[in-house]
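Enquirer:
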Amino acid sequence: MVMWQLTIDANDPARLVRFWAPLLGYEIQPPPAGFDSWVDWYRSRGVPEEELAGDPEDLVDRIHDPSGRGPNIWFQIVPEHKTLKNRFHLDVYATDRDPTLSIDERRAIVEAKVAEVVAAGATLGHRTVGPDSYFALMHDPEGNEFCIA
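With this note's numbering applied, the sequence shown covers 51 to 199.
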């Protein structure tokens, strides 16, 4: 078995943690055993103190699936802003990919989730409707694309 995590570049990791954790049903990842906080862990790794300044709540940068099924996600701070389309993105299945749902039921479920994530800081890109599909292309608070289906 190969262990892996998803790493997403971010200008404001704490903001993306607060956005993505509830959307995915994730929780803030606790610091490694033996450390009271991620700040303490980063200090142990030699991260310069000026990079650790500020509110410790703003230094939260990792989330995990409490069920253990999904990968850990680390929002790695970077200085540059997103400028191009993502080469891959997440699909969030609000409909649970239930094949028995009608297009009207799919639309209602997707639109409810779209409203929820817009209220949390996302923006709508566009909607796509097919004979048996309905999804919305969204952008998280830093512009990363994801779909709600």
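All C-beta atoms, glycine included, are put in the ideal place defined by N, C-alpha and C.
Return yes when the Cβ of N194 is within less than 7 Å of the Cβ of N122, no when it is not.
Expert: Walking along the sequence shown from the start, residue 122 turns up at place 72. Walking along the sequence shown from the start, residue 194 turns up at place 144. Against a cut-off of 7 Å, the Cβ pair of N194 and N122 comes out as no contact.
Enquirer: Excluding the 5 residues flanking Y92 on each side, which residues of the same chain have their C-beta closer than 7 Å to its C-beta?
Expert: In the sequence shown, the residue the question calls residue 92 occupies position 42. Taken in chain order, the residues that qualify are L102.
Enquirer: Would you be able to state if there are at least three C-beta pairs under 8 Å between the segment 181-193 and the segment 160-167?
Expert: Because the criterion of three Cβ pairs below 8 Å is met, the segment 160-167 and the segment 181-193 touch.
Enquirer: Suppose contacts are defined by Cβ-Cβ distances below 7 Å. Is V160 in contact with I198 by that definition?
Expert: Taking the first residue of the sequence shown as position 1, residue 160 is located at position 110. Taking the first residue of the sequence shown as position 1, residue 198 is located at position 148. Yes, the pair counts as a contact, with Cβ atoms nearer than the cut-off.
Enquirer: Let's test the definition: count the other Cβ atoms within 10 Å of the Cβ of P63 and tell me whether it reaches 16, buried, or not, exposed.
Expert: The residue you call residue 63 lines up with position 13 of the sequence shown. P63 should be labelled buried.
Enquirer: Taking buried to mean at least 16 other C-beta atoms within 10 Å of its own C-beta, is I58 buried or exposed?
Expert: Locating residue 58 in the sequence shown gives position 8, where the first residue counts as 1. Classification of I58: buried, given that the 10 Å Cβ count is 16 or more.
Enquirer: To test your reading of the DSSP string, which unbroken beta strand (DSSP E) runs of 3 or more residues are found completely within the segment 119-156?
Expert: As far as the segment 119-156 is concerned, its whole beta strand (DSSP E) runs of at least 3 residues are 122-127, 140-142.
Enquirer: Quick one: residues in its chain with C-beta nearer than 6 Å to the C-beta of G75, no 5 flanking neighbours on either side, listed in chain order?
Expert: Reading the sequence shown from its first residue, position 25 is the one you call residue 75. Around G75: no qualifying Cβ.
Enquirer: Please return the same chain residues whose Cβ sits closer than 7 Å to the Cβ of I153, not counting the five positions on each side in sequence.
Expert: As a working note, residue 153 is residue 103 in the sequence shown. Around I153: D182, Y184.
Enquirer: Mapping the DSSP letters down to three states, classify Y184 as helix, strand or coil.
Expert: Here residue 184 refers to the residue found at position 134 when the sequence shown is read from its first residue. Correct three-state label for Y184: strand.
Enquirer: Name the residue from V52, M53, E192 whose alpha carbon lies nearest to the alpha carbon of P129.
Expert: As a first step, residue 129 is located in the sequence shown; it is residue number 79 there, counting from the start. Nearest C-alpha to P129: E192.
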